[in-house]
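J.: First the structure, then my questions, so here it is.
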Amino acid sequence: MRRSVSLLRSASLNGLRSDRLESTLPLPLRRTVVIEGNIASGKTECLEYLSRNPNIQTIAEPVDKWRNVRGHNTLDLMYKDPARWSLTLQTYVQLTMMQAHATQQTRPVKVMERSIFSAKYCFVENLRTAGLMPPVEYAVLSEWFDWLITNWHLEVDLIVYLRTKPEIVCERLRKRHRSEEMAVTLDYLSKLHNLHEDWLTDGRFPVPCHVVTVDANADLESVQKQCEREITNRFFPENAAEARQAIAHS
């Protein structure tokens with residue numbers, strides 16, 4: 001039995017390693033950008049906008065997976081009873097975010113919606129400080145996280161932080177009417193905002209790369225254009241104007 005479990009674990013890790021290494025582009029041409037921010041800060045809309053750029057591959061946050069784990073909505077369960085279900089959800093979040101990092105890259109720039117880092121430094125930390133995740137569960141998740149980032153080279157070249165006031169994201173959240181988010185309060189959003197600030201502005205937790213902060217309190221269109229501009233100017237400075245023009249007419 002022990003040998004069977006060992007072989008199964010080895011096969012799973014080898015499969016992940018294969019996904020991570022396989023790419024249609026040589027390593028020097030690959031760049032990874034992560035868009036971070038509070039709930040309803042505009043991340044999804046920015047990804048949709050960037051997806052029209054032929055040089056950019058977008059990886060959405062795997063929310064649909066969290067809503068349906070073989071018929072179980074782990075996201076809804078966690079919001080309804082976080083003390084009971086936070087470890088269940090965050091274990092699966094950590095797995096699915098790792099899968100997102102390992103996704104085969106087919107274009108020069110891969111843009112991800114959130115990362116394994118924000119899952120740990122913002123959402124897991126929030127559960128711990130709120131007393132909704134016991135120390136032993138936090139320790140187990142931390143051991144997994146530390147092993148993953150130590151043994152896997154998670155390439156992140158730029159973080160675009162959509163900084164948004166908690167009051168604004170709360171208003172946006174109410175307008176989009178996601179059933180799982182009905183229980184989300186302004187206090188919860190404020191705590192998440194503070195943790196994003198602790199991590200990406202104040203450096204309380206390790207930051208894997210350079211951070212560009214975008215004022216996401218502004219109208220959505222200007223936020224989308226600034227995100228595209230930051231990425232294009234950094235990685236495609238020779239054709240930044242052409243890329244913006246192509247998106248504008250697409």
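For the sequence shown, the UniProt record's numbering begins at 1 and goes up steadily by one.
No residue lacks a Cβ here, since even glycine has one placed at the ideal position from N, Cα and C.
None of the values given here were measured: they were computed from a predicted structure.
Please confirm whether leucine 50 and valine 124 have their CB atoms less than 7 Å apart.
T.: As a working mapping, residue 50 is identified with position 50 in the sequence shown. As a working mapping, residue 124 is identified with position 124 in the sequence shown. Not closer than 7 Å, so no.
J.: Can you grab the Cα-Cα spacing for the pair arginine 114 / histidine 72, in whole Å?
T.: Numbered from 1 along the sequence shown, position 114 holds the residue referred to as residue 114. Numbered from 1 along the sequence shown, position 72 holds the residue referred to as residue 72. About 23 Å.
J.: Is it right to say serine 41 is buried, meaning 16 or more other beta carbons lie within 10 angstroms of its own, or is it exposed?
T.: Here residue 41 refers to the residue found at position 41 of the sequence shown. The residue is buried, with at least 16 neighbouring Cβ atoms inside 10 Å.
J.: Any idea which residues DSSP pairs methionine 112 with across the strands?
T.: The count along the sequence shown starts at 1 and reaches residue 112 at position 112. Under DSSP, methionine 112 shares a beta bridge with Val34, Ile59.
J.: For alanine 83, does the count of other Cβ atoms within 10 angstroms reach 16, so buried, or fall short, so exposed?
T.: Taking the sequence shown and counting its residues from 1, one reaches residue 83 at position 83. By the neighbour-count rule (16 or more Cβ atoms within 10 Å), alanine 83 is not buried but exposed.
J.: Under the rule that 16 or more other beta-carbon atoms within 10 Å means buried, what is alanine 183, buried or exposed?
T.: Numbered from 1 along the sequence shown, position 183 holds the residue referred to as residue 183. It counts as exposed.
J.: Could you check if cysteine 209 is buried or exposed, using at least 16 other CB atoms within 10 Å of its CB as the buried criterion?
T.: Start at 1 with the first residue of the sequence shown, and residue 209 comes out as number 209. Looking at its Cβ environment, which holds fewer than 16 other Cβ atoms inside 10 Å, cysteine 209 is exposed.
J.: Can you check which of these residues, Lys80, Gln104, Pro108, Val63, is closest to glutamine 94 by C-alpha distance?
T.: Reading the sequence shown from its first residue, position 94 is the one you call residue 94. Among Lys80, Gln104, Pro108, Val63, the Cα nearest to that of glutamine 94 belongs to Val63.
J.: Do asparagine 68 and arginine 107 have their CB atoms nearer than 7 Å?
T.: The count along the sequence shown starts at 1 and reaches residue 68 at position 68. The count along the sequence shown starts at 1 and reaches residue 107 at position 107. With respect to arginine 107, asparagine 68 sits apart: the two C-beta atoms are not nearer than 7 Å.
J.: Looking only at its own chain, which residues have a Cβ that is under 8 Å from the Cβ of valine 214, when we skip the five neighbours before and after it?
T.: Sequence index remark: in the sequence shown, residue 214 carries index 214 (1-based). Closer than 8 Å at the Cβ level, and outside the excluded window around valine 214, lie Val160, Tyr161, Leu162, Arg163, Val223, Gln226, Cys227, Glu230.
J.: Within the continuous alpha helix (DSSP H) that includes arginine 172, where are the two ends?
T.: For the purposes of this step, residue 172 is taken as residue 172 along the sequence shown, with counting starting at 1. Its alpha helix (DSSP H) spans residues 166-176.
J.: Is valine 124 helix, strand or coil by DSSP?
T.: Mapped onto the sequence shown, residue 124 falls at position 124. The three-state reading of DSSP puts valine 124 in helix, counting H, G and I together.
J.: In whole angstroms, give me the CA-to-CA distance for arginine 31 and methionine 97.
T.: As a working note, residue 31 is residue 31 in the sequence shown. As a working note, residue 97 is residue 97 in the sequence shown. Whole-angstrom Cα-Cα distance: 17 Å.
J.: Distance check for isoleucine 168 and serine 118, CA to CA, integer angstroms please.
T.: For this step, residue 118 is matched to residue 118 along the sequence shown. For this step, residue 168 is matched to residue 168 along the sequence shown. Serine 118 and isoleucine 168 have their C-alpha atoms spaced approximately 20 Å apart.
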